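Trainee: For the record, the sequence lines run as chains A and B.
So in our numbering, spot 188 of the first sequence is number 399, and the numbers just go up one at a time.
So in our numbering, spot 215 of the second sequence is number 217, and the numbers just go up one at a time.
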Amino acid sequence: MTITILLAASLFAYIMAFVAGLSRLSRNIIIRKVGGFYVEVFRGTSLIVQLFWLYYAIPMLLNIQVASNWWIGVIAIGLNYGAYLSEVVRSSILSVDQGQTEAATALNMSSFQRMRFIIFPQAVRMMLPEFGNYTIQILKGTSLVSLIGLTDVLYYGDIIRSTNASITPIVYLVVLVFYFLLALPLIWLTRKGEEIAKKGAASQ
Amino acid sequence: MTAPIVQYRDVCKSFGDVEVLKGINLDINPAEKVAVIGPSGSGKTTIIRLLMTLEEPTSGDIVVDGKNLWKMEKNGDMVRANENHLRNVRGDIGMVFQHFNLFPHMTILENCMTAPVHVKKENKDEVRKRAVEMLERVGLGDKIDNYPSQLSGGQKQRVAMARAVVMRPKIMLFDEVTSALDPELVGEVLEVIRDLAQHEDMAMVLVTHEMDFALDIADKVLFLDEGVIAEQGSAKEVIEHSQNERLQSFLSRFRS
Numbered sequence: 212m213t214i215t216i217l218l219a220a221s222l223f224a225y226i227m228a229f230v231a232g233l234s235r236l237s238r239n240i241i242i243r244k245v246g247g248f249y250v251e252v253f254r255g256t257s258l259i260v261q262l263f264w265l266y267y268a269i270p271m272l273l274n275i276q277v278a279s280n281w282w283i284g285v286i287a288i289g290l291n292y293g294a295y296l297s298e299v300v301r302s303s304i305l306s307v308d309q310g311q312t313e314a315a316t317a318l319n320m321s322s323f324q325r326m327r328f329i330i331f332p333q334a335v336r337m338m339l340p341e342f343g344n345y346t347i348q349i350l351k352g353t354s355l356v357s358l359i360g361l362t363d364v365l366y367y368g369d370i371i372r373s374t375n376a377s378i379t380p381i382v383y384l385v386v387l388v389f390y391f392l393l394a395l396p397l398i399w400l401t402r403k404g405e406e407i408a409k410k411g412a413a414s415q
Numbered sequence: 003m004t005a006p007i008v009q010y011r012d013v014c015k016s017f018g019d020v021e022v023l024k025g026i027n028l029d030i031n032p033a034e035k036v037a038v039i040g041p042s043g044s045g046k047t048t049i050i051r052l053l054m055t056l057e058e059p060t061s062g063d064i065v066v067d068g069k070n071l072w073k074m075e076k077n078g079d080m081v082r083a084n085e086n087h088l089r090n091v092r093g094d095i096g097m098v099f100q101h102f103n104l105f106p107h108m109t110i111l112e113n114c115m116t117a118p119v120h121v122k123k124e125n126k127d128e129v130r131k132r133a134v135e136m137l138e139r140v141g142l143g144d145k146i147d148n149y150p151s152q153l154s155g156g157q158k159q160r161v162a163m164a165r166a167v168v169m170r171p172k173i174m175l176f177d178e179v180t181s182a183l184d185p186e187l188v189g190e191v192l193e194v195i196r197d198l199a200q201h202e203d204m205a206m207v208l209v210t211h212e213m214d215f216a217l218d219i220a221d222k223v224l225f226l227d228e229g230v231i232a233e234q235g236s237a238k239e240v241i242e243h244s245q246n247e248r249l250q251s252f253l254s255r256f257r258s
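This is the structure we're talking about:
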């Protein structure tokens, strides 16, 4: 359960990051404002409150079931971290050297071609390490879904603990180790990302 | 007398309150080699940046091959050019920058191929052939699969020139292309410019501090001072016969 939520929420967060990050750089002021509103709202409120809103508040207010618990977890985590990641997307694109845009203009590229062939590929390299970091954060964030009754690692730990309180330290140790083992490949990927970022970024 | 390929008519440019160019009038003929000299801050670089559409003039017109660069006709009125119009007019212009501005995520060959393939929609194999030939001509035939970070400054600048020439521009702009180089690397870059000047029939505008070199290859020399063209003519006229005191004192700094 932890792993499927991690994968789906990460994917959703990445998509939201690019959508929101690019809209905040849009020339259209409405798109820019909508993107900014999303980012500030989801960055400025806590993940657990967002989770409870989707799980308790909205169904009560509108009298509808939003989605299954699994989906609520994915959506809340994805929206929340998507907001943070969109700032990574935005700042990476802005940090590509101005000379790159000028050189692309001198080769008569359109603004779309400049973004697609020159700016974006360089920005993505710069994003990789931060994306790795946030994916580890998402992994840890998934432990919150135990609060809306999803049977993730922490939830199982709590169940075992409640039947035998004397082994509490051992249970939480196991949970700890479990999260760390899950994080290991992500840490490794982040390192790889940093190497790639070093190789391809503009350094003049 | 052929028609000029570029005409500046009363072109002014301000950055905020600072007037950088104060009414530039200038004709550049096809295949003409123009050197722009002058003290720093005189607006040399701005002149060519306006032509490359990297800056927009505050007033005045720039006409390229009979077409107004920064203005276009719409319902009988002349309005500010949109991106499409700019792309149509600037297609014949290429530029080499002081800081090379190679694309670091592409190999040398890819740097030279991206624009002809994606912008001009030319056949990829043909472009490759032309790009390789051009890279060989600037002495980098053995480096085509390297990345820019593996090259010296002089090599990077030679790639930048190859990249611009592969687009087959009618006008090439050089913006202080040797200023960021170590002194011992300047020669190899000037060599390439000389080769282009002698064997290509494109117009060239060189903004430079390499005085002797500029005077040597230029058909026409412009001395820019405080935003106006203070003197223009052949290298001989400008150097030997000019009465302009500021020009003489500027030149004397290069003759020690």
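Even for Gly, the Cβ is constructed at its ideal location relative to N, Cα and C.
Keep in mind that this is a model prediction, so the values were computed, not measured.
Within this structure, are the beta carbons of I359 of chain A and G284 of chain A separated by less than 9 Å?
Mentor: yes
Trainee: Go ahead and pull the three-state DSSP assignment for S244 of chain B.
Mentor: Coil, per DSSP.
Trainee: Over the uninterrupted beta strand (DSSP E) stretch that includes Y10 of chain B, give me the two end residues.
Mentor: V8 to F17
Trainee: How would you write the range of the alpha helix (DSSP H) that M206 of chain B sits in, first residue to last?
Mentor: In the DSSP assignment, M206 of chain B falls outside any alpha helix (DSSP H) and lies within the beta strand (DSSP E) extending over A205 to V209.
Trainee: Between the stretch 90 to 117 of chain B and chain A, which residues of the former have CB atoms less than 8 Å from a CB of the latter, in chain order?
Mentor: R92, G93, I95, G96, M97, F99, H101, F102, N103, L104, F105, P106, H107, T116 and A117
Trainee: From the DSSP output, in three-state form, read off V386 of chain A for me.
Mentor: helix
Trainee: Against chain B, does S322 of chain A count as a neighbour if the rule is that its beta carbon must be under 9 Å from one of theirs?
Mentor: Yes, contact with chain B.
Trainee: Using a Cβ cut-off of 7 Å, pull out every chain B residue sitting near G310 of chain A, in sequence order please.
Mentor: Result: F99, H101 and N103.
Trainee: Can you check DSSP and say which residues form a bridge with V98 of chain B?
Mentor: B:F176
Trainee: Rounded to the nearest angstrom, how far is the Cβ of L393 of chain A from that of T213 of chain A, given a contact under 8 Å?
Mentor: 7 Å
Trainee: Taking the alpha carbon of F252 of chain B as the reference point, which residue from B:V134, B:P41 and B:T4 has its own alpha carbon closest?
Mentor: B:P41
Trainee: In the DSSP output, which residue or residues are listed as bridge partners for Q234 of chain B?
Mentor: B:L224
Trainee: Return yes when the Cβ of L217 of chain B is within less than 9 Å of the Cβ of A33 of chain B, no when it is not.
Mentor: no
Trainee: Would you tell me roughly how many angstroms separate the C-alpha atoms of K73 of chain B and N90 of chain B, rounded to the nearest one?
Mentor: 12 Å
Trainee: In chain order, what residues of the stretch 326 to 343 of chain A put their CB closer than 8 Å to some CB of chain B?
Mentor: Listed in sequence order: F328, I329, P332, Q333 and R336.
Trainee: Should S44 of chain B be labelled buried (16 or more other beta-carbon atoms within 10 Å of its own) or exposed?
Mentor: The residue is buried, with at least 16 neighbouring Cβ atoms inside 10 Å.
Trainee: The ligand FMN and A287 of chain A: does the residue's C-beta get closer than 8 Å to at least one heavy atom of that ligand?
Mentor: Within the structure as shown, the ligand FMN is missing, as the structure has no ligands at all.
Trainee: Could you work out which residues of chain A lie near V121 of chain B, taking near to mean beta carbons separated by less than 7 Å?
Mentor: L318, N319, M320 and Q324
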